[in-house]
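In my numbering, the protein residues as written are 149 to 267.
Quick reminder that beta carbons are idealized off the backbone N, C-alpha and C, glycines included.
Just below is one structure, and these are the notes that go with it.
Right, here's the structure in full:
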């Protein structure tokens, strides 16, 4: 994962090494050749001084590496969510243990759906 830094707008190119005039791309049906400052992107690959992401290519010097988002819900977040669904607090621990199939201490989206679907 990387985050846009520097100016308020970070250019997006359709391919590495092209000028922005030749490489403007359509994003969501609009001409939007920029990432806003602070935008987070998931890196697909790096090629020299360029980074490819879902929206196109961006010069690597305009991005900084960041820690990937959390791997899922912690016990506290899971407990709050389950209680919001109307389940009593005393059942949260056992539900969390059942939901955390891979035993990594987080409940990711597929695990969450498998435990909440029967409810």
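Minimum C-alpha distance to residue 242 - residue among 256, 232, 226: Taking the first residue of the chain shown as position 1, residue 242 is located at position 94. Ranking 256, 232, 226 by Cα distance to residue 242 puts 226 first.
Assigned secondary structure, residue 230 (DSSP; H/G/I helix, E/B strand, else coil): Indexing the chain shown from 1 puts residue 230 at position 82. Of the three classes helix, strand and coil, the one that applies to residue 230 here is helix, per DSSP.
Under the three-state DSSP convention, the category residue 189 falls into: Counting from 1 along the chain shown, the entry for residue 189 is found at position 41. Residue state, collapsed to three classes: strand.
Enclosing beta strand (DSSP E) for residue 183 [first to last residue]: As a position in the chain shown, residue 183 is number 35, starting the count at 1. 182-184 is the span of the beta strand (DSSP E), which, as asked, contains residue 183.
Span separating the alpha-carbon of residue 254 from that of residue 247: Here residue 254 is taken as the residue at index 106 of the chain shown, counted from 1. Here residue 247 is taken as the residue at index 99 of the chain shown, counted from 1. Rounded to the nearest angstrom, the two C-alpha atoms are 9 Å apart.
CB contact below 8 Å: residue 244 versus chain B: Checking the listed chains, one finds no chain B in this structure; it contains a single protein chain.
DSSP state of residue 177 mapped onto helix, strand, coil: For this step, residue 177 is matched to residue 29 along the chain shown. Because residue 177 sits at a pLDDT of 42, beneath the cut-off of 50, its placement in the model cannot be relied upon, and the point is left open.
Within 8 Å, strictly: CB atoms of residue 206 and residue 160: In the chain shown, the residue the question calls residue 206 occupies position 58. In the chain shown, the residue the question calls residue 160 occupies position 12. In this structure, residue 160 lies closer than 8 Å to residue 206 by Cβ.
Backbone CA spacing between residue 237 and residue 264 [nearest angstrom]: Position 89 of the chain shown, counting from 1, holds the residue named residue 237. Position 116 of the chain shown, counting from 1, holds the residue named residue 264. Rounded to whole angstroms, residue 237 to residue 264 spans 15 Å at the Cα level.
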